[in-house]
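Enquirer: One structure is given below, represented as structure tokens, and several questions about it will come after.
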Amino acid sequence: MTENSNHLPIPELFVAPQSAAALKDVAGDMPSWDLTERQLCDLELLMNGGFSPLKGFLTQADYDGVVNEMRMADGRLWPMPINLDVSQAFADRIEPGTDIALRDQEGVILAVMSVTDKWVPNKSHEAEKVFGADDVAHPAVNYLHHTAGPVYLGGPVKGLQAPTHYDFRARRNSPNELRAMFKKLGWRKVVVFQTRNPLHRAHQELTFRAAREAQANLMIHPVVGMTKPGDVDHFTRVRCYEAVLDKYPQATTTLSLLNLAMRMGGPREAVWHGLIRKNHGATHFIVGRDHAGPGKNSAGEDFYGPYDAQELFRKHEDEIGVKLVDFKHMVYVQERAQYEPADEIEEGVTVLNISGTELRRRLREGLEIPEWFSFPEVVRELRRNSPPRAQQGFTVFFTGLSGSGKSTVANALMVKLMEMGGRPVTLLDGDVVRKHLSSELGFSKEHRDINIKRIGYVASEITKNGGIAICAPIAPYTATRRAVREMIEAGGAFVEVHVATPLEECERRDRKGLYKLAREGKIKEFTGISDPYEEPQAPELRLDTTNIDVDNAAHQVLLKLEQLGLIGLK
């Protein structure tokens, strides 16, 4: 690698403007695929060279090589499958040799893909090889099984235009724009800091040290595509980055945004990030402890070892073409009033640290966040985005069998919350929603999932805007409830209440006579009789309404909301 190879342009997949105009006319008659949020991120980085050497979505041979060996069919290193996953209905219309138009969610044609391969992947095998386990506690594995389409398409892409971003436009740079900028500024070495979290003082210190040790300039390169469910939204994070940028030397530091859909794939993700940053002109890359780790698996253990990502990156460092910079765990030494690497501190000094969990607690409860931990400007932005819990919106999501008492308790809870005042309250009862939002839907598994996701979407909008949503559908499927939780937790708290009234008691009540009809076979796919109810494993609250009155049940929910800090009971 020559020292300034990061200045040379890399190939993009865009066609010339005249060809793009002609192709756009032809593409109007092609079969069209509306890209998902993840596919939009992937396509952008395919077209602008961020995913170089990829020329499009992986063929089956490339996919097999990437999944099994981290290598494409021609032997080049690539650790992450990039495929166009589509519905069965769309796949049935497409054969290899077909050109398809790829559109954004507004219907704008961004690219034309020449489909060369179509296949049904073994998703469990993909999960095991790429993410280390077929465990839906991993967000990418959950996405693979419950969101991604069942059929993969592969083939080269011709780019017509990049997706449009209306936010932070001056901070968004393609790989070649960054390479040209580094050349103009004379930056021969560039160390990149990858982040999906706000920057605090410890991050500033470690990035200073990394740049100093590598004798390099620094690019803070946060991901603003898709990150881990529950992360701080990118609008707030970018405002936090901009707030601390003047703490860095202006002549040697830059901030650029990366529209990447992260997979939280740990070691493989670190190698992938390195290749992407090489394309963006980096010469050095900071790989963190548990880099891009997704948290705990179903057994409550970390998916990856703390240094697995560094080890895999180091093994492929020469091929990636970017030097690894160790992410040092920085802690605050009270006696010296400064941050130092944890492994260089002698015994007997006072070390201060605030974990991510503790930071969230302090934000939630409106407690002090000391200046030694974070910059006042960052804290101010986080408090704007995350007021104390008693001022945030939230959703109470009742789930349980028909006749379990969900709707009755939900109604009582709504009245009690309205009596308290302070925030608008909306009840999204299953029957009412079916009448107004889902009247065209039946009761198949697919239609029930659509109905629950509609409820979740409405609840997420209410929650995001500071209101209280109370939902009371049956919601029998774990995966759908999880999808709703993720949707809502992006804007506030989600409180799952499992109304665990036994089937016998629900059937005894049977006010609508539905169980009787189901037993007689006159109602198909009836939850608890001919269709399963998957019990929540860890709801915030479990209620059995067999021997308690409605007022008592609703009060138990209020006590739980108070315990979680969402309301204050007088």
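The letter at position 37 of the sequence shown is residue 1372 when you use our numbering, and the numbering goes up by one with no holes. Ideal Cβ positions, reconstructed from N, Cα and C, are used throughout, including at glycine.
1. Which value, in whole angstroms, describes the spacing of the CA atoms of Leu1437 and Ala1835?
2. Rounding to the nearest angstrom, what Cα-Cα distance links Leu1381 and Gln1891 in this structure?
3. Rounded to the nearest angstrom, what separates Pro1867 and Leu1849 at their Cα positions?
4. If the criterion is Cβ atoms closer than 8 Å, does the pair Thr1761 and Ala1804 meet it?
5. Buried or exposed: where does Ser1774 fall if 16 or more other Cβ atoms within 10 Å of its Cβ makes it buried?
6. Rounded to the nearest angstrom, what separates Met1336 and Pro1346 at their Cα positions?
7. Which two residues bound the contiguous beta strand (DSSP E) that contains Tyr1487?
8. Can you give me the start and stop residues for the alpha helix (DSSP H) that Val1559 sits inside?
9. Taking the alpha helix (DSSP H) that Arg1843 falls in, what are its first and last residues?
10. Which word fits Arg1752, buried or exposed, when buried means at least 16 other C-beta atoms lie within 10 angstroms of its C-beta?
11. Output the boundary residues of the alpha helix (DSSP H) element that contains Tyr1478.
12. Just how far apart, CA to CA, sit Glu1338 and Lys1658?
13. Quick one: is Ala1505 buried, meaning 16 or more other Cβ sit within 10 Å of its Cβ, or exposed?
14. Between Val1527 and His1481, is the Cβ-Cβ spacing less than 8 Å?
15. Asp1397 to Leu1370, Cα distance in whole Å?
16. Rounding to the nearest angstrom, what Cα-Cα distance links Leu1901 and Arg1724 in this structure?
17. Would you kindly report the start and end of the unbroken beta strand (DSSP E) that includes Gln1669?
18. Measure the CB-CB distance between Pro1601 and Ala1627 and report whether it falls below 8 Å.
19. If you draw a straight line from the C-alpha of His1615 to the C-alpha of Pro1510, how long is it?
20. Any contact of the stretch 1715-1730 with the stretch 1827-1844, i.e. 3+ C-beta pairs under 8 Å?
21. Over what stretch of residues does the beta strand (DSSP E) that includes Lys1453 continue unbroken?
22. Using beta-carbon positions only, say whether Val1767 and Arg1789 come within less than 8 Å of one another.
23. Could you pull out every unbroken beta strand (DSSP E) segment of at least 3 residues lying fully inside the stretch 1758-1806, listed in chain order?
24. According to the neighbour-count rule (16 or more other Cβ atoms, all chains shown, within 10 Å of its Cβ), is Arg1531 buried or exposed?
25. Using the Cα positions of Gly1432 and Gly1490, report the straight-line distance between them to the nearest angstrom.
26. Tell me which residues share the same chain as Gly1565 and place their Cβ nearer than 6 Å to its Cβ, disregarding the 5 neighbours each side in the sequence.
27. Terminal residues of the continuous alpha helix (DSSP H) containing Trp1607?
28. How about Val1350 and Leu1343: are their beta carbons less than 8 Å apart?
29. Assess contact between the stretch 1533-1542 and the stretch 1387-1396, defined as three or more Cβ pairs (one per stretch) separated by less than 8 Å. Is contact present?
30. Helix, strand or coil for Leu1896, going by three-state DSSP, please let me know.
31. Using CA coordinates, which residue listed in Ile1864, Arg1523, Asn1887 and Asp1845 is at the minimum distance from Thr1587?
32. Beta carbon of Asp1470, beta carbon of Asn1632: below 8 Å?
33. Indicate whether the contact test is met: 3 or more Cβ pairs, each with one atom in the stretch 1842-1858 and one in the stretch 1873-1885, closer than 8 Å.
34. Under DSSP, the beta strand (DSSP E) around Glu1870 begins and ends at which residues?
35. Going by other Cβ atoms of all chains shown within 10 Å of its Cβ, with 16 needed for buried, is Ser1737 buried or exposed?
36. Assuming Ala1578 contacts Phe1710 (C-beta within less than 8 Å), just tell me the rounded distance between them.
Expert: This is what the structure gives:
1. Counted from its first residue, the sequence shown places residue 1437 at position 102. Counted from its first residue, the sequence shown places residue 1835 at position 500. Roughly 46 Å separates the two Cα atoms.
2. In the sequence shown, the residue the question calls residue 1381 occupies position 46. In the sequence shown, the residue the question calls residue 1891 occupies position 556. Approximately 52 Å between the Cα atoms of the pair.
3. Residue numbering aside, residue 1867 sits at position 532 when the sequence shown is read from its first letter. Residue numbering aside, residue 1849 sits at position 514 when the sequence shown is read from its first letter. Straight-line Cα distance between these residues: approximately 16 Å.
4. Stepping through the sequence shown from its first residue, residue 1761 is reached at position 426. Stepping through the sequence shown from its first residue, residue 1804 is reached at position 469. Contact flag set, yes.
5. As a working note, residue 1774 is residue 439 in the sequence shown. Ser1774 is exposed by the Cβ-count criterion.
6. Along the sequence shown, one-based indexing puts residue 1336 at 1. Along the sequence shown, one-based indexing puts residue 1346 at 11. Because Met1336 sits at a pLDDT of 42, beneath the cut-off of 50, its placement in the model cannot be relied upon, and the following sentence gives the value as read from the coordinates. Taking the straight line from one Cα to the other gives about 18 Å.
7. To locate residue 1487, count along the sequence shown from 1; it is residue 152. It spans Val1486 to Gly1494 - the beta strand (DSSP E) in which Tyr1487 sits, taken as one unbroken run.
8. The count along the sequence shown starts at 1 and reaches residue 1559 at position 224. Neither: Val1559 is in no alpha helix (DSSP H) and is coded neither H nor E.
9. Here residue 1843 refers to the residue found at position 508 of the sequence shown. It spans Leu1838 to Arg1844 - the alpha helix (DSSP H) in which Arg1843 sits, taken as one unbroken run.
10. Counting from 1 along the sequence shown, the entry for residue 1752 is found at position 417. In the sequence on display, residue 1752 carries Leu and not Arg. Buried, since its Cβ has 16 or more Cβ neighbours within 10 Å.
11. Within the sequence shown, the letter at position 143 stands for residue 1478. Element bounds for Tyr1478: Pro1474 to His1481.
12. By one-based count along the sequence shown, residue 1338 stands at place 3. By one-based count along the sequence shown, residue 1658 stands at place 323. Caution is warranted here: a pLDDT of 46 is assigned to Glu1338, below 50, making its placement in the model unreliable, and the coordinate value is therefore given only provisionally. Lys1658 has its alpha-carbon roughly 12 Å from the corresponding atom of Glu1338.
13. Your numbering for residue 1505 matches position 170 in the sequence shown. With fewer than 16 other Cβ atoms within 10 Å, it is exposed.
14. Taking the sequence shown and counting its residues from 1, one reaches residue 1527 at position 192. Taking the sequence shown and counting its residues from 1, one reaches residue 1481 at position 146. No, the pair does not count as a contact, with Cβ atoms beyond the cut-off.
15. What you label residue 1397 is simply residue 62 of the sequence shown in a count that begins at 1. What you label residue 1370 is simply residue 35 of the sequence shown in a count that begins at 1. The alpha-carbon atoms of Asp1397 and Leu1370 are separated by roughly 22 Å.
16. Your numbering for residue 1901 matches position 566 in the sequence shown. Your numbering for residue 1724 matches position 389 in the sequence shown. If you take the alpha carbons of Leu1901 and Arg1724, they lie about 5 Å apart.
17. Within the sequence shown, the letter at position 334 stands for residue 1669. Where Gln1669 is concerned, there is no enclosing beta strand (DSSP E), given that its DSSP letter is neither H nor E.
18. Reading the sequence shown from its first residue, position 266 is the one you call residue 1601. Reading the sequence shown from its first residue, position 292 is the one you call residue 1627. In the sequence as presented, Pro is not what sits at residue 1601; that position holds Gly. Going by C-beta atoms, Gly1601 is nearer than 8 Å to Ala1627.
19. Taking the sequence shown and counting its residues from 1, one reaches residue 1615 at position 280. Taking the sequence shown and counting its residues from 1, one reaches residue 1510 at position 175. Spanning the two alpha carbons is a distance of roughly 4 Å.
20. yes
21. The sequence position of residue 1453 within the sequence shown is 118, counting from 1. Lys1453 -> beta strand (DSSP E) spans Asp1452 to Trp1454.
22. Taking the sequence shown and counting its residues from 1, one reaches residue 1767 at position 432. Taking the sequence shown and counting its residues from 1, one reaches residue 1789 at position 454. It is not a contact, given that the beta carbons lie outside the stated cut-off.
23. 1760-1764
24. Looking up residue 1531 in the sequence shown gives position 196. The residue in question, Arg1531, is buried, as its Cβ has 16 or more Cβ neighbours within 10 Å.
25. Reading the sequence shown from its first residue, position 97 is the one you call residue 1432. Reading the sequence shown from its first residue, position 155 is the one you call residue 1490. Approximately 9 Å between the Cα atoms of the pair.
26. Within the sequence shown, the letter at position 230 stands for residue 1565. Contacts found: Glu1824.
27. Sequence index remark: in the sequence shown, residue 1607 carries index 272 (1-based). Per DSSP, Trp1607 belongs to the alpha helix (DSSP H) from Gly1601 to Asn1614.
28. As a first step, residue 1350 must be located in the sequence shown, where it is residue number 15. As a first step, residue 1343 must be located in the sequence shown, where it is residue number 8. In this structure, Leu1343 does not lie closer than 8 Å to Val1350 by Cβ.
29. No: fewer than three Cβ pairs fall under 8 Å.
30. Within the sequence shown, the letter at position 561 stands for residue 1896. Collapsing the DSSP output to three states places Leu1896 in a helix.
31. On the sequence shown, residue 1587 is found 252 positions in, with the first residue counted as 1. Selected option, being the one with the closest Cα: Arg1523.
32. For the purposes of this step, residue 1470 is taken as the residue at position 135 of the sequence shown. For the purposes of this step, residue 1632 is taken as the residue at position 297 of the sequence shown. Contact: yes.
33. no
34. If you number the sequence shown from 1, residue 1870 lands on position 535. No beta strand (DSSP E) holds Glu1870; DSSP gives it neither H nor E.
35. Indexing the sequence shown from 1 puts residue 1737 at position 402. When all chains shown are included, Ser1737 counts as buried.
36. Within the sequence shown, residue 1578 is the residue found at index 243, counting from 1. Within the sequence shown, residue 1710 is the residue found at index 375, counting from 1. Contact flag correct, Cβ pair sits at about 7 Å.
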